[in-house]
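Structure first, commentary second.
4 protein chains.
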Amino acid sequence: MAGSGYGTIFRITTWGESHGKALGVVIDGCPAGLSLEEDDIQRYLDRRKPGASNITTRRKEDDAVEILSGVFRGRTTGTPISLMVRNTSQISGDYSEIASYYRPGHADYTYDEKYGFRDYRGGGRSSGRETVGRVAAGAVACKLLEQLGVQVWAYTRSIGPVEADMHRFDREVSLSTPTAMPEREADAAAVAYLEKAKKETDSVGGCMECMVKGLPAGIGDPVFEKLDANLAKAVMSIGAVKAVEIGDGYRVASRKGSENNDAFHMEGGSVAKSTNHAGGILGGISDGDTVMVRAYVKPTPSIFRGQRTVNQSGEEIEIHIKGRHDPIIVPRAVVVLECMTALTVLDAMLVNMSARLERIADFYGTSHMGKGSRGGRNFTQE
Amino acid sequence: MAGSGYGTIFRITTWGESHGKALGVVIDGCPAGLSLEEDDIQRYLDRRKPGASNITTRRKEDDAVEILSGVFRGRTTGTPISLMVRNTSQISGDYSEIASYYRPGHADYTYDEKYGFRDYRGGGRSSGRETVGRVAAGAVACKLLEQLGVQVWAYTRSIGPVEADMHRFDREVSLSTPTAMPEREADAAAVAYLEKAKKETDSVGGCMECMVKGLPAGIGDPVFEKLDANLAKAVMSIGAVKAVEIGDGYRVASRKGSENNDAFHMEGGSVAKSTNHAGGILGGISDGDTVMVRAYVKPTPSIFRGQRTVNQSGEEIEIHIKGRHDPIIVPRAVVVLECMTALTVLDAMLVNMSARLERIADFYGTSHMGKGSRGGRNFTQE
Amino acid sequence: MAGSGYGTIFRITTWGESHGKALGVVIDGCPAGLSLEEDDIQRYLDRRKPGASNITTRRKEDDAVEILSGVFRGRTTGTPISLMVRNTSQISGDYSEIASYYRPGHADYTYDEKYGFRDYRGGGRSSGRETVGRVAAGAVACKLLEQLGVQVWAYTRSIGPVEADMHRFDREVSLSTPTAMPEREADAAAVAYLEKAKKETDSVGGCMECMVKGLPAGIGDPVFEKLDANLAKAVMSIGAVKAVEIGDGYRVASRKGSENNDAFHMEGGSVAKSTNHAGGILGGISDGDTVMVRAYVKPTPSIFRGQRTVNQSGEEIEIHIKGRHDPIIVPRAVVVLECMTALTVLDAMLVNMSARLERIADFYGTSHMGKGSRGGRNFTQE
Amino acid sequence: MAGSGYGTIFRITTWGESHGKALGVVIDGCPAGLSLEEDDIQRYLDRRKPGASNITTRRKEDDAVEILSGVFRGRTTGTPISLMVRNTSQISGDYSEIASYYRPGHADYTYDEKYGFRDYRGGGRSSGRETVGRVAAGAVACKLLEQLGVQVWAYTRSIGPVEADMHRFDREVSLSTPTAMPEREADAAAVAYLEKAKKETDSVGGCMECMVKGLPAGIGDPVFEKLDANLAKAVMSIGAVKAVEIGDGYRVASRKGSENNDAFHMEGGSVAKSTNHAGGILGGISDGDTVMVRAYVKPTPSIFRGQRTVNQSGEEIEIHIKGRHDPIIVPRAVVVLECMTALTVLDAMLVNMSARLERIADFYGTSHMGKGSRGGRNFTQE
């Protein structure tokens with residue numbers, strides 16, 4: 000099954016394994032005319048790079064992106080954009096041991112059941128490196144959204160028990176802290192918490208959040224293609240995510256209607272909401288307010304202590320995973336959340352262009368008919 | 000945009016408005032040979048009917064389903080199955096007032112922004128009645144899954160602060176309680192809580208849960224078509240759902256890896272997990288364990304007290320919603336969760352059939368080649 | 000497999016069997032704001048009705064269409080439009096004999112091989128009545144295209160050896176002749192030819208043609224979603240069509256480049272072509288000229304003389320088909336060609352709206368940035 | 000719009016321009032377990048290489064394919080297979096002149112109208128080099144089909160007035176002649192014809208044909224996803240194809256039913272047809288006979304004599320195209336026809352696996368129920 004494609008109009012197909020020759024993505028359906036160069040994409044890829052701090056793996060990943068097609072004289076042509084990152088530092092030897100057994104919390108067993116065998120080097124396609132293609136494509140989506148007045152910002156909301164204070168939220172801070180926390184105090188506390196967990200040969204989970212600002216009202220479709228439904232799929236498709244929320248999320252289940260409804264009022268001539276419990280989406284369609292998405296991420300399953308499992312021969316064994324693994328997934332996944340959100344929102348905006356006949360007629364210049372004829376002859380062969 | 004279609008192989012398209020002539024669904028891609036009659040579907044539709052109790056609306060909905068195509072001599076033929084339910088009790092007069100303003104927590108405003116106008120009678124397409132088509136199609140999916148050894152069971156997990164005790168879980172009980180709770184004690188407490196809220200002209204939220212039992216390992220696809228990603232979309236597409244969880248969901252964010260990993264062991268010759276924090280899915284692919292999905296539902300937005308809002312002329316007004324509305328959405332949405340889960344799981348099973356070459360070769364009888372020729376001549380015109 | 004759906008943005012799903020309860024179609028993705036009533040659709044359905052003449056079957060088909068959803072106060076709402084035609088005159092007894100054997104030129108054998116059994120009444124889903132849904136949906140597409148300045152006209156080009164003289168082409172004539180020929184002389188000759196064939200208990204083939212006028216240049220996509228590729232699929236999907244041509248079609252294979260190239264010149268300030276061998280499409284994209292599509296249709300396979308075949312028990316037998324069958328398929332298929340062409344062209348126009356960034360930015364009002372902010376708050380829970 | 004993707008289960012996305020850095024394809028949904036190496040693909044790519052003869056361009060195209068992902072230890076893993084061919088010989092200088100005007104018969108004008116500008120180097124995405132990705136993917140499809148007992152063979156049927164004598168048909172010959180004709184006499188005559196046309200600074204058209212042997216009956220879906228409908232799209236999507244036929248194609252339009260019907264009879268215990276006018280497809284579904292597809296190709300539009308056209312400033316000019324161009328497209332397009340046919344047939348076979356419930360139950364081992372339980376626990380958190 001074609002499981003590596005995403006989107007309807009702006010459609011991406013990612014490819015590549017952790018320890019294969021390269022990873023990449025093809026963007027099919029990017030509108031023509033976007034100014035684009037490798038640096039635009041590289042900045043996003045660098046955000047998923049392991050940092051200098053102790054809390055990310057020291058594995059060196061020098062992910063240099065190459066634009067192979069779809070850009071001519073610095074602008075997108077409307078034809079497929081192929082982006083590739085060569086793998087440079089893979090050492091297959093590190094991983095050979097895991098070929099024979101099933102690591103708890105990993106996809107080793109399920110891939111074997113599905114496909115009969117698996118590329119076990121570094122997790123193959125189930126590795127976090129799979130997200131290289133998502134981020135490369137998402138960078139293009141983000142740049143395009145900016146041209147349409149829409150910003151997409153993701154950051155770490157909490158790590159273990161440490162939660163960011165959103166009154167101190169600063170986008171720039173979230174781009175510079177090792178945890179991707181949007182304020183420095185929580186960042187410092189989270190780093191301390193992570194170092195302790197690491198010393199205890201353990202790992203921790205966390206929560207990341209994404210806001211979409213500037214999205215017009217009316218984006219998203221009723222029933223199955225609701226904007227929140229597609230965001231839920233986009234976000235749950237990121238490895239290790241186990242819960243997705245829109246707006247206030249699970250908290251609404253213990254509320255009363257009188258507490259949870261967002262009242263409408265007028266603000267500068269526009270309809271606005273007094274609160275945003277709904278997270279910017281009503282009936283699956285954007286309401287003009289900030290869209291809020293939240294993802295809960297499990298602790299890194301690779302931990303450096305003995306674990307019980309079974310091998311391919313059906314024997315129960317104890318394993319000790321080696322190699323380099325982050326004690327937390329969240330900080331490097333934040334940019335993936337941002338990219339998946341951007342891809343979803345952009346596609347919904349493109350799809351939305353055909354919602355109203357009057358706007359289509361405007362687009363094709365026929366809203367005031369009676370102009371000169373288009374097209375021609377009755378005969379084919381003369 | 001074609002937002003009312005769902006699924007790849009087993010694909011459904013729903014249609015119909017709350018107060019239109021009828022609602023229905025077309026199932027395209029149902030395998031041939033399933034024994035099917037209207038009663039199989041009616042039983043599911045009856046579960047979303049308002050009950051006799053005080054906690055559901057007294058609006059009479061006599062949803063009798065009619066099979067219009069795709070079944071011949073009691074069995075599905077492989078061609079589209081068209082199912083229709085006529086609307087019988089709509090009284091448009093009840094709703095005419097809401098034409099001009101935007102109810103808080105409803106999709107009135109967003110539909111107007113998207114489409115320029117809306118069918119305001121009973122919420123039109125954004126009404127909960129939209130789910131009639133989903134449930135009719137889901138009933139067929141559930142029957143088909145049973146033939147494949149898979150059960151899908153949804154029920155109410157909590158209402159406001161009242162949570163079901165899962166040690167007393169009983170599927171049959173969940174089908175008979177007014178709250179769809181799977182045990183009677185919580186049901187009684189929840190009913191009391193709901194009656195109090197109703198008296199206070201308020202509404203409450205809740206949580207519903209679904210388990211998939213008997214699903215083979217290996218179902219679901221890597222990357223974007225992960226089983227959990229598709230479940231998240233399916234569930235978030237149900238109106239009023241604001242959060243979706245797989246397995247332990249948001250709780251994993253505050254755990255350590257050593258707590259959250261599910262150890263593998265052998266059980267009766269098969270690989271099994273000692274715990275099921277993962278909810279039956281690893282790397283987006285089923286692991287043979289029970290799949291667990293949870294959905295958090297907001298309180299009914301229609302409440303019987305004054306609310307602030309704006310009208311289409313941009314005036315701030317106070318409104319008093321009339322009509323008949325449940326004080327909670329969950330009990331009648333449980334069957335919708337069950338159906339959306341079933342549709343997702345079934346489609347993933349059908350898609351999975353082409354995962355391995357050896358199984359395809361078996362299917363087409365070519366795994367031991369060298370048999371007699373199939374097909375024929377070199378020439379077209381002789 | 001979901002084989003009864005067609006289109007990306009404007010997507011239809013047809014359903015129904017020749018002798019089932021009803022036939023119909025769901026249109027998902029029709030833009031909001033189109034004025035639509037049952038008469039708009041009925042006019043198209045009436046064109047596929049058997050006529051008064053001798054050359055079409057006397058089976059009475061009173062196909063009255065009912066709009067079940069998606070239209071409110073006379074305009075489309077943007078939500079699915081469900082259209083249904085009840086079957087009124089089916090008499091299953093007529094067809095019971097064919098249950099056991101395979102009619103030459105029909106799909107009896109292939110349906111049995113695919114599905115294990117079939118609805119044999121009147122051909123079931125493989126009957127020409129399957130096109131009721133296509134025509135109902137196509138009528139809506141045609142009306143929408145007219146609003147965008149595009150006309151789609153199909154007619155009979157030839158019947159057996161009788162070809163229409165295109166210098167006498169008259170759209171109105173093609174709507175009134177029993178053969179759907181666009182000029183009366185060929186119509187008369189064709190009728191005579193058909194009556195002779197009928198007397199000889201035989202049937203004849205023919206060719207039908209469709210022109211699309213007023214289509215702007217730039218519609219269609221490179222590579223696989225070429226406008227001509229999609230037209231080819233649309234047209235070949237009509238039962239009994241065995242060849243599809245664009246522009247001069249198969250004639251180009253025996254031409255020189257110097258004969259076949261269409262020179263460009265200027266005409267009233269616009270780029271135009273001096274000839275239209277290409278049929279209005281270059282590189283899969285419309286060039287602003289009339290799009291020309293042609294379909295070759297086989298003779299009706301049901302003929303009233305003895306034929307050799309086999310039955311389900313594998314015995315060779317001679318059969319004599321009874322019932323009422325047209326000696327030619329073309330005249331009643333012309334409106335199906337028109338509808339399939341319209342559906343394809345309309346969908347391509349909707350898809351094309353996202354081809355250029357500058358036009359998307361115009362659509363969303365961001366081409367001259369720096370206006371007031373959209374959207375809002377940073378915080379979800381306050 | 001995502002126009003560069005093709006297929007449902009076995010889905011490909013091609014990318015790349017004539018003079019960009021590289022061209023390639025991602026195959027998403029290839030079943031796991033196929034033995035695959037670069038040579039398997041290279042053999043197909045070599046067939047679209049310009050040959051040593053006078054009738055193909057002398058432009059050197061050294062298309063060496065690289066497998067970048069999806070293959071581990073010589074077998075496909077079920078994850079996306081990324082294939083790339085670096086462009087080595089492009090000299091952009093050759094083409095700079097064409098930037099400003101519209102070549103007759105080319106897509107220059109339509110790309111400008113669609114996208115606002117175009118990559119004019121060698122035709123960019125509209126070049127015949129676009130088919131590199133199709134052929135690379137098609138090679139994999141062909142290898143997979145062979146494992147399933149299906150052969151796909153394309154060859155040149157006619158060039159200008161020279162037609163191959165099918166009684167001398169030899170697959171091996173078709174792989175070695177410069178014209179891809181399947182017999183040497185017609186090949187010699189066609190070469191002579193082409194050399195004459197070339198001397199006259201002209202180009203010629205032709206016809207190519209493809210047969211699918213060994214395809215089981217039952218492949219393809221009713222209505223829109225008919226096997227012949229999808230073949231028509233696949234084939235018409237190849238640049239320069241203007242007509243597509245199945246079986247006897249346009250010839251059926253002038254036949255009687257008694258001539259055109261293929262009688263069924265028994266042959267070695269199986270149902271067979273006495274003739275194959277239908278080209279192996281009835282009602283859109285394969286009938287077990289050889290599938291026959293034919294494509295008519297226009298003469299190369301680039302000819303070496305003066306032509307009238309217009310430029311981007313709207314001036315009428317005369318142009319003289321330079322560079323290297325084949326006087327005929329057909330011989331190098333034959334392998335593209337073979338590949339597009341293979342991709343279509345393979346996808347239809349994979350999709351067909353879910354047609355019957357009994358076979359799905361067999362696949363999942365539930366046709367004789369009552370075996371040991373699968374799956375597990377009722378509780379998530381313990």
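Residue numbers (numbering that gives the first Met the number 0), protein chains in the order written: chain R, 0 to 381; chain Z, 0 to 381; chain C, 0 to 381; chain P, 0 to 381. Virtual Cβ for every residue (Gly too), placed ideally from N, Cα, C.
query                                                                                                                                                                                             : result
Here's the rule: buried if 16 or more other CB atoms are within 10 angstroms of the residue's CB, otherwise exposed. What is Arg124(P)?                                                           : buried
Give me whichever residues DSSP pairs with Pro291(R) in a beta bridge.                                                                                                                            : In the sequence as displayed, the identity of residue 291(R) is Met instead of Pro. The partner list for Met291(R) (beta bridge, DSSP) reads Met210(R).
In chain Z, which residues lie with their C-beta within 9 Å of the C-beta of Ala153(P)?                                                                                                           : Near Ala153(P) there are no residues of chain Z at all, since even the closest Cβ is about 13 Å away, more than 9 Å.
Could one say the Cβ of Glu16(P) lies closer than 8 Å to chain R's Cβ atoms, at least one of them?                                                                                                : yes
Within its chain, find whatever has a CB closer than 7 Å to the CB of Arg10(R); leave out the 5 residues flanking it on each side and keep chain order.                                           : Gly4, Asp27 and Gly28
Starting from the C-beta of Ala228(Z), find all residues in its chain whose C-beta is less than 7 Å away, skip the five residues before and the five after it, and write them out in chain order. : Gly283
Could you tell me which residues DSSP puts in a beta bridge with His264(P)?                                                                                                                       : Ala271(P)
Hey, Thr109(Z) and Asp286(R): beta-carbon distance below 8 Å or not?                                                                                                                              : yes
Could you tell me whether the Cβ atoms of Val290(C) and Arg133(C) are closer together than 8 Å?                                                                                                   : no
Please confirm if Ile237(C) has its CB atom under 8 Å from at least one CB of chain Z.                                                                                                            : no
Taking contact to mean at least 3 C-beta pairs separated by less than 8 Å, is the segment 10 to 23 of chain R in contact with the segment 103 to 122 of chain R?                                  : yes
Tell me where the alpha helix (DSSP H) around Ala138(Z) begins and ends.                                                                                                                          : Thr130 to Gln146
Applying the criterion that 16 or more other CB atoms from any shown protein chain within 10 Å of the CB defines a buried residue, is Lys321(P) buried or exposed?                                : exposed
Taking Asp118(C) as the query, report the chain Z residues whose CB atoms sit under 7 Å from its CB, ordered along the chain.                                                                     : Phe71 and Thr76
If you check the beta carbons only, do Leu33(R) and Gln146(R) fall under 8 Å apart?                                                                                                               : yes
Spell out whether any CB of chain R is found under 8 Å from the CB atom of Asp27(P).                                                                                                              : yes
Classify Ser125(R) as helix, strand or coil using the three-state DSSP reduction.                                                                                                                 : helix
Are there three or more Cβ pairs, one per stretch, closer than 8 Å when the segment 155 to 169 of chain C is compared with the segment 241 to 256 of chain C?                                     : no
Determine, using beta-carbon pairs with one atom in the segment 138 to 152 of chain Z and one in the segment 95 to 107 of chain C, whether at least three such pairs fall under 8 Å.              : no
In the segment 241 to 257 of chain C, which residues sit with their C-beta less than 8 Å from some C-beta in chain Z, listed in chain order?                                                      : none
Thr178(P) and Ala189(P) - do their beta-carbons sit closer together than 8 Å?                                                                                                                     : yes
So that I know if they touch, is there some Cβ in chain R lying closer than 8 Å to that of Thr176(P)?                                                                                             : no
Strictly under 8 Å for the Cβ-Cβ distance: is Phe362(Z) near chain R by that measure?                                                                                                             : no
In chain Z, which residues lie less than 8 Å from Leu356(P) when you measure between Cβ atoms?                                                                                                    : Pro30, Ala31, Gly32, Leu33, Thr75, Leu143 and Gln146
Since Ala21(P) contacts Ala231(C) with CB under 8 Å, what's their CB separation in whole angstroms?                                                                                               : That pair is no contact at about 30 Å.
Does any C-beta atom of chain Z lie closer than 8 Å to the C-beta of Pro221(P)?                                                                                                                   : yes
So what does Asp164(R) bridge to, in DSSP terms?                                                                                                                                                  : Paired residue(s): none; Asp164(R) is not in a bridge.
Taking the straight line between their C-alpha atoms, what separation do you get for Arg46(P) and Thr176(P)?                                                                                      : 11 Å
Closer than 9 Å between beta carbons: that is the criterion. Which residues of the segment 200 to 216 of chain C meet it against chain R?                                                         : Glu208, Met210, Val211, Lys212, Gly213, Leu214, Pro215 and Ala216
So which of Leu345(R), Ile359(R), His264(R) and Arg156(R) has the shortest CA-CA distance to Ser312(Z)?                                                                                           : His264(R)
Keeping to the same chain, check which residues put their C-beta closer than 6 Å to that of Thr343(Z); ignore five residues upstream and five downstream.                                         : Asn229, Leu230 and Ala233
At least one CB of chain P closer than 8 Å to the CB of Ile97(R): is that the case?                                                                                                               : no
Shortest alpha-carbon distance to Phe362(Z) belongs to which of Ile280(P), Pro215(P) and Lys48(P)?                                                                                                : Pro215(P)
Tell me the DSSP secondary structure of Lys321(C) in three-state form.                                                                                                                            : coil
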